[in-house]
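K.L.:
Residue numbers (the working numbering), protein chains in the order written: chain A, 24 to 308; chain B, 628 to 1087. Quick one: this structure, given as structure tokens, is what I'll be asking you about.
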Amino acid sequence: MRVTIMTCKIVSKKELAPNIKMFEMGAPVVARKAKAGQFVILRISERGERIPLTIADADPERGTITLVVEEVGKTTKELGRLNEGDSILDLVGPLGNPMNIGKYGHVVCIGGGSGVAPVYPLTKALKKAGNKVTSIIGARNRELLILEEEMRETSDEFYITTDDGSKGHRGFVTDILRKLLDEHERIDLVVAVGPVPMMKAVADTTRPNKIRTLVSLNPIMVDGMGMCGVCRVKVGGETKFTCVDGPLFDGHLVDFDELAARRQLYEPEEKLALKAYEEKIGGVR
Amino acid sequence: MIARQPMPEQDPQERIRNFDEVALGYDEEQAVLEAGRCLQCENPTCMQGCPVNIDIPGFIAHIKEGNFDLAIRKIKERNHLPAIIGRICPVKDQCEKFCVLAKKGEPVAIGNLERFAADVEWKKGVEIPGRAKASGKRVAVVGSGPAGLTAATDLVKLGHEAIIFEALHVPGGVLTYGIPEFRLPKKVVEREVEYIKRLGVDIRTDMVIGRTFTIDELLEQGFDAIFVGTGAGPPQFLGVPGENLGLVYSANEFLTRVNLMRAYEFPEYDTPIKVGEKVAVIGAGNVAFDSARTALRLGAGDVSIVYRRSGEEIPARIEEVQHAEEEGVKLRLLTLPTRMLGEGGLVRRMECIKMSLGKPDESGRRRPIPVEGSEFYIDTDTVIVAIGRRPNPLIQQTTEGLKTTSWGAIVVDELGRTSKSGIFAGGDVVTGEATVIEAMGAGRKAAEAIDRFIAQGEKR
């Protein structure tokens, strides 16, 4: 039984990298309110799960939001196969707390892998607020780098790193961050979004210098509105719910090991669901 | 005197292997027999135990006469969700407690009869009463749980337009995500929500008030009044070490996965759930028993309720405790978990301490006191924490001028009015976790107050 089918139409789709797709979705009421740092929960179909995705961009006039999806499991793969004109069943938001955008001075924005998508709206907002913005984006290789032009445009200084050296600095985003710190660059705030080990490494890098470091966490969620507590994470020894207390937290206080362990809870089930789905679609990518 | 008609039920050994409803419902013969037990007291006491004032002897008299249509019509004068309420209301603490027969032994099975009347009507086709003359006034109702559904239905019956905003993707609130299929089939919730929609209530899902729109934005959109029935929100945890280990669930997560997302049908449905062999459920309210019985049905071998007080103080409905015990749920009473220990990120053991009961505390129940040196361990691979939830905080956090209590509940007067003119509230967001019928009572009271507020054209 559906009451109001808020069909969210895919207005446009773009492949950013193998297995990373960008969708512009019709969502007028969400677009009107969305602020940098917030997310939506969506459900593709009647038997689907609820998954959180960061709002990468919002256009209140067009009534659309931009979502970037990395295909890692069944639901994201299914989403990735949708095309312009297709609709999903449910979209709700904006959820979570927006980042407090102010004039901090010199801000370093770091995005790793598909984490560049959530760091992009923060970077844009921080730049617009008059900060000096240095951005560092990283990926395993050049094919997996996303939103490079968008990030470059909104940054005063811009760095690329790849694990294999196929583009930019060969190594990790933290190598550049460390270099900036070693050069005694004054940094007032670091914002980092990416894989858990990357965010942990960034927090470890800035900790000795006591540079305020914000990370955006991406634990498992179900309702995304503070009711189930599956997204709980220890921050400064206190348990917080990422969906309503975050998703941005002080990286120096986050228990990343616990976060990583909790993210893996359903790995076997996720693999099973993905395998069954891939068999169903006949191994088509 | 005829004995109280027992409720036909699925066999315990059978039912722990399925999610089908446990109670099967009276047939006509049983219903008429049971209705015949009612003494039709001149001054009925049963009604004083009903938060929505159903004319109990009135509807029972109709069942006794075989006039089932009249019976359900009588019930629906006061209760728009009879099939739901007839299944889950804690009747033994309410109407049935005040039935004069209760003093002599067994009260009339009021809840079972209500359910019977509702189910009979459903099979025949539900009657939709005509619409009242339109008042031209619009009321926003936040939340589609029992309080919101009742408030909205009452308002529509009074001629107002009522639009419910629901945050989740399906309506029903706790009836949908909280109460399990085997106690309240989702089809029953769907059909009563459908009835309410046919009465004229407009329900919009995927709308988080406080986020998608704020209360003030709704007022700007021209709503004449707003009812807030956002219910309970964040689950409470014990605050003991190890509580964030894998497979330590809040009851709300556990039940939401199963009830709302139908994880028991994974992988046909996408949301997974995991349950181990030895499950410990902390707490002894209805939610704890629902969790325990759900865990059994998901295949757990050994399920126990871990409760810091004694059997006397168990707050759950008696039927739920009995059903759970029949199904093999064990009770570990006077036991308080103090630490959870894990292996590879997953919970494996729980350190507990034995409790003894002291003098009554502020709740009137004897206070549990830890017995020094009585620490012991329970082997467990799944823990479900069911010790309650705080009021949903979102509206309070995003609405200026809304008075709240120290524990975050919205403050209302006896009419359901908040400190902000035009905004009314009721249900768990006001009282903290209570029963479905109490939330419905609060929704009704607020609807009456909203009607008067609108009629007076009070300025906000």
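Glycine included, C-beta positions come from ideal geometry on N, C-alpha and C.
Just the chain A side, please: which residues come within less than 7 Å of Gly972/B by C-beta, in chain order?
P.N.:
The answer, in chain order, is Ala284.
K.L.:
For Thr839/B, go through chain A and note every residue whose CB falls closer than 8 Å to its CB, in chain order.
P.N.:
Neighbours of Thr839/B on chain A, chain order: Val52, Val53, Lys56, Val115, Gly116 and Pro117.
K.L.:
Within the 8 Å Cβ cut-off, does Val62/A reach chain B?
P.N.:
Strictly speaking, residue 62/A in this sequence is Phe, with Val absent from that position. No, no contact with chain B.
K.L.:
From the beta carbon of Thr1025/B, is the nearest beta carbon of chain A less than 8 Å away?
P.N.:
Not an interface residue.
K.L.:
By Cβ distance, which residues of its chain are closer than 6 Å to Arg209/A, with the 5 residues on each side in sequence left out?
P.N.:
The residues are His129.
K.L.:
By DSSP, does Ala729/B sit in helix, in strand, or in coil?
P.N.:
Helix.
K.L.:
Consider the Cβ of Thr883/B: report whether some Cβ of chain A lies at a distance smaller than 8 Å.
P.N.:
Interface residue, yes.
K.L.:
At 3 residues or longer, what runs of the beta strand (DSSP E) sit wholly inside the region 197-269 of chain A?
P.N.:
Here the runs fully enclosed are 212-216, 236-239, 255-258 and 261-264.
K.L.:
Look at the alpha carbon of Ile243/A and the alpha carbon of Asn164/A, and state the distance between them as a whole number of angstroms.
P.N.:
Ile243/A and Asn164/A: Cα-Cα distance of roughly 27 Å.
K.L.:
Cα-Cα, which of Ala650/B, Pro678/B, Lys760/B and Glu819/B is closest to Thr803/B?
P.N.:
Measuring from the Cα of Thr803/B, the nearest candidate turns out to be Glu819/B.
K.L.:
Chain A partners of His707/B, CB-CB under 7 Å?
P.N.:
The contacting residues do not exist; His707/B stays about 16 Å from chain A at best.
K.L.:
From what residue to what residue does the alpha helix (DSSP H) around Ile133/A run?
P.N.:
Not the alpha helix (DSSP H): Ile133/A falls in the beta strand (DSSP E), residues His129 to Gly135.
K.L.:
Touch check for the region 240-257 of chain A and the region 171-182 of chain A: three-plus C-beta pairs under 8 Å?
P.N.:
Cβ pair count under 8 Å is below three, so no.
K.L.:
Just tell me which of Ile64/A, Ser68/A, Gly249/A and Leu149/A has its CA closest to the CA of Gly125/A.
P.N.:
Answer by Cα proximity: Leu149/A.
K.L.:
Any beta carbon from chain A within less than 8 Å of Thr898/B's own beta carbon?
P.N.:
Chain A, which has a Cβ nearer than 8 Å to the Cβ of Thr898/B, makes this yes.
K.L.:
For Arg975/B, which beta-bridge partners are listed by DSSP?
P.N.:
Looking at the DSSP assignment, Arg975/B forms no beta bridge with any residue, so it has no partner.
K.L.:
Does the beta carbon of Val835/B sit closer than 8 Å to a beta carbon anywhere in chain A?
P.N.:
Chain A, which has a Cβ nearer than 8 Å to the Cβ of Val835/B, makes this yes.
K.L.:
Rounding to the nearest angstrom, what Cα-Cα distance links Ile111/A and Leu872/B in this structure?
P.N.:
Going by the C-alpha atoms only, they are around 34 Å apart.
K.L.:
Suppose contacts are defined by Cβ-Cβ distances below 8 Å. Is Arg705/B in contact with Ile681/B by that definition?
P.N.:
Taking 8 Å as the Cβ cut-off, Arg705/B and Ile681/B qualify as a contacting pair.
K.L.:
Beta-carbon within less than 6 Å of Lys223/A's beta-carbon, same chain only, minus the 5 sequence neighbours each way: which residues are those?
P.N.:
Phe279.
K.L.:
Quick check: what's the CA-CA separation for Pro291/A versus Arg255/A?
P.N.:
Spanning the two alpha carbons is a distance of roughly 21 Å.
K.L.:
Quick check: the Cα distance between Ala57/A and Thr157/A, rounded to an integer number of angstroms?
P.N.:
Taking the straight line joining both Cα atoms gives about 24 Å.
K.L.:
By the 10 Å Cβ neighbour count, where 16 or more other Cβ atoms means buried, how is Arg1079/B classified, buried or exposed?
P.N.:
It is exposed - the Cβ of Arg1079/B has fewer than 16 other Cβ atoms within 10 Å.
K.L.:
Which of the three DSSP states is assigned to Ser1046/B in this structure?
P.N.:
It is coil, neither helix nor strand.
K.L.:
When DSSP labels each residue in this structure, what does Cys716/B get in the three-state scheme?
P.N.:
Coil.
K.L.:
Should the region 941-958 of chain B be called in touch with the region 834-854 of chain B, which here means at least 3 C-beta pairs below 8 Å?
P.N.:
Touching, no.
K.L.:
So Gly274/A and Val196/A are supposed to be a Cβ contact under 8 Å. How far apart are they, rounded?
P.N.:
Incorrect: roughly 13 Å between the Cβ atoms, too far for contact.
K.L.:
On a Cα-Cα basis, can you pick out the residue from Ala911/B, Ile909/B, Val875/B and Gly910/B that is closest to Ile900/B?
P.N.:
Minimum Cα distance to Ile900/B is reached at Val875/B.
K.L.:
Name the residue from Leu212/A, Val225/A and Asp227/A whose alpha carbon lies nearest to the alpha carbon of Arg235/A.
P.N.:
Answer by Cα proximity: Leu212/A.
K.L.:
With a threshold of 7 Å on Cβ separation, who are the neighbours of Ser1090/B within its own chain once the five nearest residues in sequence on each side are excluded?
P.N.:
In the structure as shown, chain B begins at 628 and stops at 1087. Residue 1090/B is therefore absent and cannot be evaluated.
K.L.:
For a cutoff of 8 Å on Cβ pairs, would you count Leu288/A as touching chain B?
P.N.:
For Leu288/A, the answer is yes, since a Cβ of chain B falls inside 8 Å of its Cβ.
K.L.:
Taking 8 Å as the cut-off, decide whether the C-beta atoms of Gly116/A and Lys44/A are in contact.
P.N.:
Going by C-beta atoms, Gly116/A is not nearer than 8 Å to Lys44/A.
K.L.:
Below 8 Å, can you find three or more Cβ-Cβ pairs linking the region 707-721 of chain B to the region 653-666 of chain B?
P.N.:
No contact exists between the region 707-721 of chain B and the region 653-666 of chain B.
K.L.:
Apply the 10 Å Cβ neighbour rule to Arg66/A and answer buried if 16 or more other Cβ atoms are within range, or exposed otherwise.
P.N.:
So Arg66/A counts as buried.
K.L.:
Examine chain B for any beta-carbon lying closer than 8 Å to the beta-carbon of Lys263/A, and answer yes or no.
P.N.:
Cβ-Cβ to chain B under 8 Å: no for Lys263/A.
K.L.:
Any C-beta of chain A sitting closer than 8 Å to the C-beta of Glu880/B?
P.N.:
At least one chain A Cβ lies under 8 Å of Glu880/B.
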